[in-house]
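In this note's numbering, the protein residues as written are 2 to 107.
Structural data, given as structure tokens:
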């Protein structure tokens with residue numbers, strides 16, 4: 002069961018090292034712009050971007066563990082990436098609008 006906002010890294014026992022996935026996620030976090038501000042780069046936006054990075058890493062890990070997947074997998078993978086990008090856009094818009102909504106007491 003998922004907790005809203007929870008970030009998970011897929012563990013694969015076939016052909017890839019989990020620590021490399023975690024290392025890539027840590028690298029993303031360490032290279033993230035630390036100049037936070039209330040509208041364009043706040044902690045909520047960081048979390049949304051981190052979730053998207055986890056989805057990207059998990060997709061690459063799954064593809065590597067399956068070897069050379071068929072055409073159906075490529076289509077599902079593209080659709081999953083599109084859905085993840087859409088969630089990123091919605092999340093960034095939502096996180097950016099929260100401070101503005103707070104100003105109006107809504």
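C-beta: ideal position from N, C-alpha, C; glycine also.
Buried or exposed: where does residue 50 fall if 16 or more other Cβ atoms within 10 Å of its Cβ makes it buried? Taking the chain shown and counting its residues from 1, one reaches residue 50 at position 49. Residue 50 counts as buried, since no fewer than 16 other beta carbons sit within 10 angstroms of its beta carbon.
Pull up the CB-CB distance for residue 89 and residue 53, whole angstroms please, since I reckon it's below 8 Å. Taking the chain shown and counting its residues from 1, one reaches residue 89 at position 88. Taking the chain shown and counting its residues from 1, one reaches residue 53 at position 52. The Cβ separation is near 4 Å, so the contact holds.
Residue from 23, 87, 39, 25 with nearest C-alpha to residue 104: As a first step, residue 104 must be located in the chain shown, where it is residue number 103. The closest CA to that of residue 104, considering only 23, 87, 39, 25, is found on 39.
In this structure, does DSSP put residue 36 in helix, strand or coil? For the purposes of this step, residue 36 is taken as the residue at position 35 of the chain shown. Coil at residue 36, not helix or strand.
Span of the alpha helix (DSSP H) holding residue 45? The residue labelled residue 45 in the question sits at position 44 within the chain shown. Taken as a continuous stretch (DSSP letters only), the alpha helix (DSSP H) holding residue 45 covers 44 to 67.
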